[in-house]
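Residues in the sequence shown are numbered from 14 upward in steps of one, following the numbering used here.
Just so it is clear, CB atoms sit at the ideal spot from N, CA and C, and this is done for glycine as well.
On a predicted model such as this, the values are computed, not experimentally measured, just so you know.
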Amino acid sequence: MYLLDFIWPPKPGNFPTFIIELGIFIVGIIAGIIGLFIWKNHRILAKEGLPECVIGFFVFAFHSFFDALDTICSEDPIGKKLAENLDRLDSIFSIIGLIFITIGIIRISIYGVKIWKEL
């Protein structure tokens with residue numbers, strides 16, 4: 014069955030890849046939600062770097078979502094064009110998410126060093 018040029022259910026060869034990519038999406042969303050809870054409940058400890066990490070987790074999760082969608086695109090010309098565009102989105106979200114996570118980790122590290130020196 015074709016739905017918006019996606020093949021559902023996925024072909025047997027694409028099914029494991031599709032499930033893994035959706036799993037990564039779910040884990041990324043869960044990591045973002047946990048980060049939000051930590052941010053909300055521990056404002057002093059989480060004031061440096063955690064907001065960037067949380068944004069990065071959500072953005073990187075959508076990288077996997079777009080990756081899962083391009084796995085189930087149809088083979089006709091419209092589906093191939095859609096898969097190309099989803100690949101581009103996948104790459105862009107991956108890079109942006111990793112940049113945010115990296116910046117967040119660097120800021121957390123610098124904040125940790127500052128606290129360590131004050132002790």
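Item	Value
Suppose the cutoff is 7 Å on Cβ atoms and the five residues either side in sequence are ignored; what does the same chain contact list for L102 look like?	F79
Could you give the distance in angstroms between the alpha-carbon of S87 and the alpha-carbon of G41?	26 Å
What do you reckon, are the CB atoms on D100 and D83 nearer than 8 Å?	yes
State the Cα-Cα distance for the pair V9 and L132, rounded to the nearest angstrom.	In the structure displayed, the chain extends from 14 to 132; residue 9 sits before or after that span and is not available.
On the DSSP bridge list, what partners appear for C86?	F19
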